[in-house]
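As structure tokens, the structure follows; a few thoughts come after it.
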Amino acid sequence: MFRKLFRKTPLAWLQISRQKARLLVAIAGISFADFLMFFQLGVRDALFDSQVSPYSTLQGDLFLVNKLSDNLQSVKSFSRDNLYQAAGIDGVASVSSLYIGQATWRNPENQTSRQIFVYGINPNRPAFDLPEVNQHLDQLKLLNRALFDRASALPLIGDVPTLLKKQNPLSVQANDYEIKIVGLFTLGISFSAEANLITSDSTFLRLFSQRQAHEIDVGIVKVESKASVERVQASLQAILPDNLLVLTLDEFTARELAYWNTGSAIGPTFNLGVAIGFLVGAVVVYQILYTDVSDHLSEYATLKAMGYSDAYFIGVIIQEALVLAALGFVPGFLLSNGLYALFKSATLLPIAMKLSRATTVLMLTIVMCIGAGAIAMRKLQQADPADIF
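Under UniProt numbering, read the sequence shown as residues 1 to 389, first letter to last.
Structure follows, in structure tokens:
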């Protein structure tokens with residue numbers, strides 16, 4: 001089949017390259033469409049990745065969460081007594097709790113206010129698998145001590161790492177309460193907050209005075225090495241109230257992604273942008289190929305009268321579509337890489353080119369071009385050689 005498509009005479013290439021200006025317009029249109037799709041998918045994935053980055057650092061096999069907690073930004077508390085229930089299940093090695101809240105941060109350089117995430121952990125049983133955090137656990141045991149995320153949006157939050165070199169501990173304010181920064185760690189900003197703090201659970205409760213100590217946000221369960229995670233999960237779900245979920249790390253992460261992809265406006269908005277880019281490219285390719293078919297209609301009619309079938313002409317159009325797809329994809333790919341670098345430096349969100357995304361856009365480009373070519377071919381298929389001459 002492919003030998004028939006790509007014959008010795010490169011008819012498809014000769015046709016689309018005959019008018020250089022038209023070819024450049026087609027490449028520019030497809031590149032713009034690819035660029036738009038890359039941008040929409042890249043920013044969407046960066047937002048998703050930033051939201052789930054804390055999950056990858058959690059130390060645990062199973063996680064207890066309120067059913068109403070579908071994302072970290074609006075986490076709902078539940079009773080610590082439920083976590084103690086879990087500790088008594090056969091196969092559970094240890095349990096720990098995690099508090100999560102959003103605080104108003106006072107920039108130590110200009111006193112402006114921003115929203116940040118605060119995580120409260122038990123220093124004796126840390127929730128995060130972060131070496132930099134574990135090095136400062138003894139300091140966190142002291143009241144009003146905290147660790148600051150060096151990957152925060154420093155221009156807006158304040159250059160805490162530099163200030164900390166000059167003054168350690170560094171006095172700052174969160175929720176109009178003075179605490180001291182005693183060290184740094186690296187986690188990264190998210191769509192919900194521009195910085196992160198990690199404190200002890202005792203300090204967390206001072207920052208959020210309205211919270212009760214027995215109201216935790218996430219219960220973390222470590223399973224014994226010889227025990228089955230699935231069996232322990234089923235046992236926990238059987239004894240815990242219906243308002244609690246027992247999730248593996250993958251399920252916990254997927255719940256957050258599902259919220260941002262379908263439960264908020266983020267996913268649909270960026271998916272619509274991808275669809276618009278696809279349609280823009282399809283229209284451009286259709287116009288180019290339709291014009292090309294119209295310009296060579298008499299030549300096509302001659303070949304048709306000589307006995308060439310519609311399948312032959314479809315093959316030629318498919319070749320033209322594939323060539324345009326390849327020529328338009330390359331500059332779109334390169335421009336998108338440059339945009340990703342600029343976007344990352346400006347927003348600090350984790351955006352980068354992924355093989356899966358490049359493959360997706362390439363496939364969309366091929367479908368876009370072939371689909372547009374198929375529509376353009378209808379003019380030729382409906383044409384009667386006798387009418388043309």
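No residue lacks a Cβ here, since even glycine has one placed at the ideal position from N, Cα and C.
Being a predicted model, the structure only gives us computed values, none of them experimental.
| Range of the contiguous alpha helix (DSSP H) that encloses Glu132 | Position 132 of the sequence shown, counted from the first residue, corresponds to residue 132. Pro131 to Asn134 is the span of the alpha helix (DSSP H), which, as asked, contains Glu132.
| message | For the structure I just gave you, are there three or more beta carbon pairs, one from the region 51-70 and one from the region 255-268, closer than 8 Å? | response | Here the region 51-70 makes contact with the region 255-268; the two share three or more CB pairs at distances below 8 Å.
| query | Which class does Gln173 belong to by DSSP, given the choice of helix, strand or coil? | reply | By one-based count along the sequence shown, residue 173 stands at place 173. If DSSP states are grouped into helix, strand and coil, Gln173 belongs with the strands.
| task | For Val182, count neighbouring C-beta atoms within 10 Å of its own C-beta (all shown protein chains included) and say buried if the count is 16 or more, exposed if not. | result | Numbered from 1 along the sequence shown, position 182 holds the residue referred to as residue 182. Per the 10 Å Cβ criterion, buried.
| message | Can you tell me where the alpha helix (DSSP H) holding Gly29 begins and where it ends? | response | Here residue 29 refers to the residue found at position 29 when the sequence shown is read from its first residue. Its alpha helix (DSSP H) spans residues Lys20 to Val52.
| request: Specify the secondary structure class of Ile370 as computed by DSSP and reduced to three states. | output: As a first step, residue 370 is located in the sequence shown; it is residue number 370 there, counting from the start. Correct three-state label for Ile370: helix.
| query | Is Leu272 buried or exposed, if buried means 16 or more other CB atoms sit within 10 Å of its CB? | reply | In the sequence shown, residue 272 corresponds to position 272, counting from 1. Result: exposed.
| request: Could you tell me which uninterrupted alpha helix (DSSP H) segments, each at least 4 residues in length, are contained entirely in the region 246-302, listed from first to last along the chain? | output: 249-258 and 266-295
| query | Under the three-state reduction of DSSP, which class applies to residue 393: helix, strand or coil? | reply | An answer regarding residue 393 cannot be provided, because it is not within the stretch 1 to 389 covered by the chain.
| query | Got a sec, what are the start and stop residues for the beta strand (DSSP E) Gln102 sits in? | reply | Along the sequence shown, read from residue 1 onward, the residue named residue 102 stands at position 102. Residues Val92 to Arg106.
| task | In angstroms with no decimal places, state the Cα-to-Cα distance between Leu327 and Leu147. | result | Numbered from 1 along the sequence shown, position 327 holds the residue referred to as residue 327. Numbered from 1 along the sequence shown, position 147 holds the residue referred to as residue 147. Their Cα atoms are separated by approximately 50 Å.
| query | Considering Lys165, what are the terminal residues of the beta strand (DSSP E) in which it resides? | reply | Translated into positions along the sequence shown, residue 165 becomes position 165. Run containing Lys165: none in the beta strand (DSSP E); it sits in the alpha helix (DSSP H), Val160 to Lys166.
| query | Nearest-angstrom Cα distance between Gly267 and Tyr259? | reply | If you number the sequence shown from 1, residue 267 lands on position 267. If you number the sequence shown from 1, residue 259 lands on position 259. Approximately 9 Å, taken between the alpha carbons.
| Under the DSSP definition of a beta bridge, which residues are partnered with Asp149? | As a position in the sequence shown, residue 149 is number 149, starting the count at 1. Partner(s): Phe185.
| What span of residues does the alpha helix (DSSP H) with Leu205 cover, start to end? | Start at 1 with the first residue of the sequence shown, and residue 205 comes out as number 205. Its alpha helix (DSSP H) spans residues Asp201 to Leu207.
| query | Tell me which same chain residues have a C-beta within less than 7 Å of the C-beta of Gly371, skipping the five on either side of it? | reply | For the purposes of this step, residue 371 is identified with residue 371 of the sequence shown, where counting begins at 1. Same-chain partners within the cutoff: Ala282.
| task | Please report the residue range of the alpha helix (DSSP H) in which Ser74 lies. | result | Taking the sequence shown and counting its residues from 1, one reaches residue 74 at position 74. Ser74 -> no alpha helix (DSSP H), and no H or E assigned at all.
| field | Same chain only: Cβ atoms within 6 Å of Leu335, ignoring 5 sequence neighbours per side | value | Residue numbering aside, residue 335 sits at position 335 when the sequence shown is read from its first letter. If we look at Leu335 and ignore the five residues flanking it on each side, its Cβ neighbours are Phe35.
| field | Ser113 to Leu187 span [Cα, whole Å] | value | For this step, residue 113 is matched to residue 113 along the sequence shown. For this step, residue 187 is matched to residue 187 along the sequence shown. Straight-line Cα distance between these residues: approximately 21 Å.
| request: Determine the extent of the alpha helix (DSSP H) in which Ile157 is found, giving its start and end residues. | output: Walking along the sequence shown from the start, residue 157 turns up at place 157. Counting along the chain, the alpha helix (DSSP H) containing Ile157 begins and ends at Leu154 to Ile157.
| Mind checking Tyr99: buried by the 16 CB within 10 Å criterion, or exposed? | Walking along the sequence shown from the start, residue 99 turns up at place 99. It counts as buried.
| query | Can we say the region 137-155 touches the region 66-84, given the rule of at least three CB pairs closer than 8 Å? | reply | no
| field | Candidates Arg145, Ile16 and Ser192, of which the one nearest Gln173 by Cα | value | Counting from 1 along the sequence shown, the entry for residue 173 is found at position 173. Comparing Cα positions, the closest option is Arg145.
| task | In angstroms with no decimal places, state the Cα-to-Cα distance between Asp217 and Asn196. | result | Position 217 of the sequence shown, counted from the start, is the residue given in the question as residue 217. Position 196 of the sequence shown, counted from the start, is the residue given in the question as residue 196. If you take the alpha carbons of Asp217 and Asn196, they lie about 16 Å apart.
| said: I need the boundaries of the beta strand (DSSP E) containing Ile121, first residue and last residue. | reply: Taking the first residue of the sequence shown as 1, we reach residue 121 at position 121. Segment Ser113 to Ile121, the beta strand (DSSP E) holding Ile121.
| field | First and last residue of the uninterrupted alpha helix (DSSP H) at Leu83 | value | Counting from 1 along the sequence shown, the entry for residue 83 is found at position 83. Its alpha helix (DSSP H) spans residues Arg80 to Ala87.
| request: Report buried or exposed for Glu230, applying the criterion of at least 16 other Cβ atoms within 10 angstroms of its Cβ. | output: Here residue 230 is taken as the residue at index 230 of the sequence shown, counted from 1. So Glu230 counts as exposed.
| Spatial neighbours of Asn337 in its chain, beta-carbon cut-off 7 Å, leaving aside the 5 residues before and after | Within the sequence shown, residue 337 is the residue found at index 337, counting from 1. Only Met353 meet the Cβ criterion.
| Going straight from the alpha carbon of Ser79 to that of Ser192, what length do you get? | One-based indexing of the sequence shown puts residue 79 at position 79. One-based indexing of the sequence shown puts residue 192 at position 192. Their backbone Cα atoms lie some 25 Å apart in a straight line.
| query | Under 8 Å, do Lys222 and Ser94 count as touching if we go by C-beta distance? | reply | Numbered from its first residue, the sequence shown carries residue 222 at position 222. Numbered from its first residue, the sequence shown carries residue 94 at position 94. Yes; because the gap between Cβ atoms is below 8 Å, this pair is in contact.
| message | Would the region 37-44 count as touching the region 234-248 if we require 3 or more Cβ pairs under 8 Å? | response | The way I'd put it, the region 37-44 doesn't touch the region 234-248; fewer than three beta-carbon pairs between them come closer than 8 Å.
| Exposure label - Gln51; buried when at least 16 CB within 10 Å | Against the sequence shown, residue 51 aligns to sequence position 51. With 16 or more other Cβ atoms within 10 Å, it is buried.
| message | Is it buried or exposed, Leu24, if we count other Cβ atoms within 10 angstroms and call 16 or more buried? | response | Position 24 of the sequence shown holds residue 24. Exposed, since its Cβ has fewer than 16 Cβ neighbours within 10 Å.
| said: Strictly under 8 Å for the Cβ-Cβ distance: is Val118 near chain D by that measure? | reply: Structure shown: chain D not included; a single protein chain is present.
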